[in-house]
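K.L.:
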Amino acid sequence: MNESAEVPNTLVITPSILYYGTPVLLLTTRNEDGTVNITPLSSSWALGDRVVLGLGTSGQGFENVQREREVVLNIPDASLWRHVERLAPYTGKTPVPEAKRRIGFQYEPDKFGQADLCPVPSSLVKPDRIAECPLQIEAAVRHIRIPDDAPHFAIVETEALRVHAHADLLIGDRHIDPTQWQPLIYNFRHYYGLGEALGKTFRAER
Ligand SMILES: Cc1cc2nc3c(=O)[nH]c(=O)nc-3n(C[C@H](O)[C@H](O)[C@H](O)COP(=O)(O)O)c2cc1C
Numbered sequence: 021m022n023e024s025a026e027v028p029n030t031l032v033i034t035p036s037i038l039y040y041g042t043p044v045l046l047l048t049t050r051n052e053d054g055t056v057n058i059t060p061l062s063s064s065w066a067l068g069d070r071v072v073l074g075l076g077t078s079g080q081g082f083e084n085v086q087r088e089r090e091v092v093l094n095i096p097d098a099s100l101w102r103h104v105e106r107l108a109p110y111t112g113k114t115p116v117p118e119a120k121r122r123i124g125f126q127y128e129p130d131k132f133g134q135a136d137l138c139p140v141p142s143s144l145v146k147p148d149r150i151a152e153c154p155l156q157i158e159a160a161v162r163h164i165r166i167p168d169d170a171p172h173f174a175i176v177e178t179e180a181l182r183v184h185a186h187a188d189l190l191i192g193d194r195h196i197d198p199t200q201w202q203p204l205i206y207n208f209r210h211y212y213g214l215g216e217a218l219g220k221t222f223r224a225e226r
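Anchor point for the sequence shown: position 102 equals 122 in this note's numbering, and the numbering is continuous, going up by one each time.
1) Give the range of the beta strand (DSSP E) segment to which Trp65 is assigned.
2) Classify Glu158: buried if its beta carbon has 16 or more other beta carbons within 10 angstroms, exposed otherwise.
3) Apart from the five residues just before and just after Ile166, which ones in its own chain have a Cβ nearer than 7 Å to its Cβ?
4) Between the alpha carbons of Thr199 and Asn94, how many angstroms are there, rounded?
5) Rounded to whole angstroms, what is the Cα-Cα separation between Val116 and Gly133?
6) To which residues of the same chain is Glu225 closer than 8 Å at the C-beta, ignoring the five residues directly before and after it?
7) Quick one: does the C-beta of Pro60 sit closer than 7 Å to a heavy atom of ligand 1?
8) Quick one: residues in its chain with C-beta nearer than 7 Å to the C-beta of Asn84, no 5 flanking neighbours on either side, listed in chain order?
9) Taking the alpha carbon of Ala108 as the reference point, which residue from His184, Glu26, Ile37, Gly124 has its own alpha carbon closest?
10) Rounded to the nearest angstrom, how far is the Cβ of Leu47 from that of Leu61, given a contact under 8 Å?
11) Short of 7 Å in beta carbon distance, which residues of its chain neighbour Glu179, apart from the five on each side in sequence? Order them along the chain.
12) What is the DSSP secondary structure of Asn57, counted as helix, strand or coil?
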């Protein structure tokens, strides 16, 4: 470890992981046989109606995204973390890719059953939504880029087509109430909720 130039008490490190705390989402995609897969993700960001995902290219989710070009981004709240974790050691891909098999992943075709979650039909895309997730975003896949120097991950750009929200989260018909919405945060491979509110930006409605 080296001292970080000119900043006291700061070191240059090579972190084992770099998941610095982003919301979990459960990506539902349609398998070739018409069943639905669930892929837990934490690499995403939203800007306007675009949501960009970081998706491993060896998984079933990526295979489905490439073929079907339709997804649902189901956003669990903090209370659902055990359901998410029940999916963690599984892949919908068979045979299980070697790199995943080595670290103990197993094949699971019934992700809804495994996680004890309920499918509900979507209105604009083929994959089902997850009823328990307070936010469910039906989306179309617009671009997929696999970096030449990092082919294990794809950058998947989606366009939100329809957003479903549990009614108890809403202020009026357009705003999510931040005092009610508790995203599930993946913080260096540990699950967290949110702490107390710190303040709000000048454009916040509350
Ligand atoms: C909380 C959580 C967050 C994860 N975040 C990501 C992610 O952002 N991108 C990714 O490719 N895999 C991520 N994973 C790993 C995938 O969920 C895992 O590779 C899974 O086996 C993929 O399932 P599939 O092959 O059925 O699509 C995450 C797993 C968990 C439990």
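Backbone N, C-alpha and C fix where the C-beta goes; we use that ideal spot for every residue, glycine too.
P.N.:
If we stick to the structure as given:
1) 64 to 67 is the span of the beta strand (DSSP E), which, as asked, contains Trp65.
2) Under the 10 Å beta carbon count, Glu158 is surrounded by 16 or more other beta carbons and is classified as buried.
3) Answer for Ile166: Thr77, Ala174, listed in chain order.
4) In this structure, the CA atom of Thr199 is about 20 Å from the CA atom of Asn94.
5) The alpha-carbon separation between Val116 and Gly133 amounts to approximately 19 Å.
6) Its chain contains Ile191, His195 as the residues whose beta carbon lies nearer than 8 Å to that of Glu225, once the 5 sequence neighbours on both sides are disregarded; these appear in chain order.
7) If you check the C-beta of Pro60 against ligand 1, you find a heavy atom less than 7 Å away.
8) Close CB contacts of Asn84 within its chain, under the 7 Å cut and outside five residues either way in sequence, are with Thr49, Arg50, Asn51, Asn57 (chain order).
9) Out of His184, Glu26, Ile37, Gly124, Gly124 has the C-alpha closest to the C-alpha of Ala108.
10) Leu61 and Leu47 do touch by the CB rule: their CB atoms are close to 5 Å apart, below 8 Å.
11) Asp69, Arg70, Ala159, Ala160, Arg162, listed in sequence order.
12) Strand at Asn57.
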